[in-house]
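Numbering (UniProt numbering), first residue to last: 1 to 244.
Data first, discussion second: the structure below is written as structure tokens.
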């Protein structure tokens, strides 16, 4: 498992899209137990906090201690620095395992072995993510597409392709359930958008090799529309499986 997000962990917490009750409720349809949830690859606890009201205990793990340090302090949530493939959980202890915007970095075989060890019989695994941002403003959407697919081409880690493929090509050796299509809608300012782009791993790799920012065309566009806000949405990637 790679750690690409310890640097600027506060920006990651502030700039990344949040999840939603609709996502959680879709997952809870298939998770009958409410004793223990393991939020794996939890980062700054963005999904852990959604789980907390529904489970007696949530254990949130991540490879990055810097990310976990940004997570909210909740009475029933315990944070632990650990790789996805080696967790501190007991055998057959978890009712639900969630992975939010992280599974594409995992060693699939090793992680799924850990899932089978940790889940209770008929326990649930939910893999959550979000795809490329979509913007209502046509010109802005084209600039984002150009940045993502052209300027940053060759700068994305190989694992990032699983997001482009909407998580449909990751191995998923569980009893898969049918899920409803979902999206995450927002109204964001230009600064919120720029902050979000600055969390992209591809952009980080680009900046290490160049002395100028690939965000300049977007900054020029935003300069022509001061104080404007933009309707955006992220397509939700969601796969839910049951341990038979």
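A virtual CB, placed ideally from N, CA and C, is assigned to each residue, including glycine.
Residues near residue i by beta carbon distance below 7 angstroms, same chain, minus five either side
i: residue 228; result: 190
i: residue 206; result: 152, 155, 214
i: residue 20; result: 184
i: residue 49; result: 72, 74
i: residue 179; result: 26, 238, 240
i: residue 169; result: 162
i: residue 110; result: 85
i: residue 144; result: 133, 135
i: residue 167; result: 127, 129, 237, 239
i: residue 131; result: 163, 166, 234, 235, 237
For residue i, the three-state DSSP class (helix, strand or coil)
i: residue 234; result: strand
i: residue 109; result: helix
i: residue 194; result: helix
i: residue 229; result: strand
i: residue 31; result: coil
i: residue 99; result: strand
i: residue 204; result: helix
i: residue 37; result: strand
i: residue 4; result: Low confidence applies to residue 4: its pLDDT is 48, below 50, so where it sits in the model is not reliable enough to give any reading.
i: residue 139; result: helix
i: residue 83; result: coil
i: residue 50; result: helix
i: residue 217; result: helix
i: residue 150; result: helix
i: residue 23; result: helix
i: residue 59; result: strand
Rounded straight-line distance, which links the Cα of residue j to that of residue i
i: residue 108; j: residue 158; result: 14 angstroms
i: residue 42; j: residue 67; result: 8 angstroms
i: residue 18; j: residue 27; result: 16 angstroms
i: residue 126; j: residue 63; result: 19 angstroms
i: residue 133; j: residue 232; result: 7 angstroms
i: residue 149; j: residue 83; result: 30 angstroms
i: residue 46; j: residue 124; result: 19 angstroms
i: residue 188; j: residue 209; result: 29 angstroms
i: residue 100; j: residue 91; result: 22 angstroms
i: residue 78; j: residue 172; result: 27 angstroms
Short Cβ contact (8 angstroms threshold) for residue i with residue j
i: residue 119; j: residue 97; result: yes
i: residue 241; j: residue 176; result: yes
i: residue 196; j: residue 135; result: no
i: residue 129; j: residue 163; result: yes
i: residue 37; j: residue 51; result: yes
i: residue 221; j: residue 139; result: yes
i: residue 147; j: residue 218; result: yes
i: residue 59; j: residue 182; result: no
i: residue 264; j: residue 16; result: Within the shown structure, residues of the chain are numbered from 1 to 244, placing residue 264 beyond reach of any answer.
Beta carbon proximity, residue i to chain C, threshold 8 angstroms
i: residue 123; result: The structure shown contains no chain C; it holds only a single protein chain.
Burial state of residue i, where buried means 16 or more other Cβ atoms lie within 10 Å
i: residue 86; result: exposed
i: residue 114; result: buried
i: residue 249; result: As shown, the chain starts at 1 and ends at 244. That puts residue 249 outside it, with no answer to give.
i: residue 31; result: buried
i: residue 212; result: exposed
i: residue 61; result: buried
i: residue 112; result: buried
Cβ neighbours of residue i in the same chain (closer than 8 angstroms, five flanking residues each side left out)
i: residue 56; result: 34, 35, 36, 76
i: residue 194; result: 215, 218, 219, 222
i: residue 14; result: 195
Nonlocal neighbours in the same chain, by C-beta distance under 6 angstroms from residue i, ignoring five residues either side
i: residue 137; result: 230
i: residue 2; result: Because the pLDDT at residue 2 is just 45, under 50, the model does not fix this residue reliably, and the point stays unresolved.
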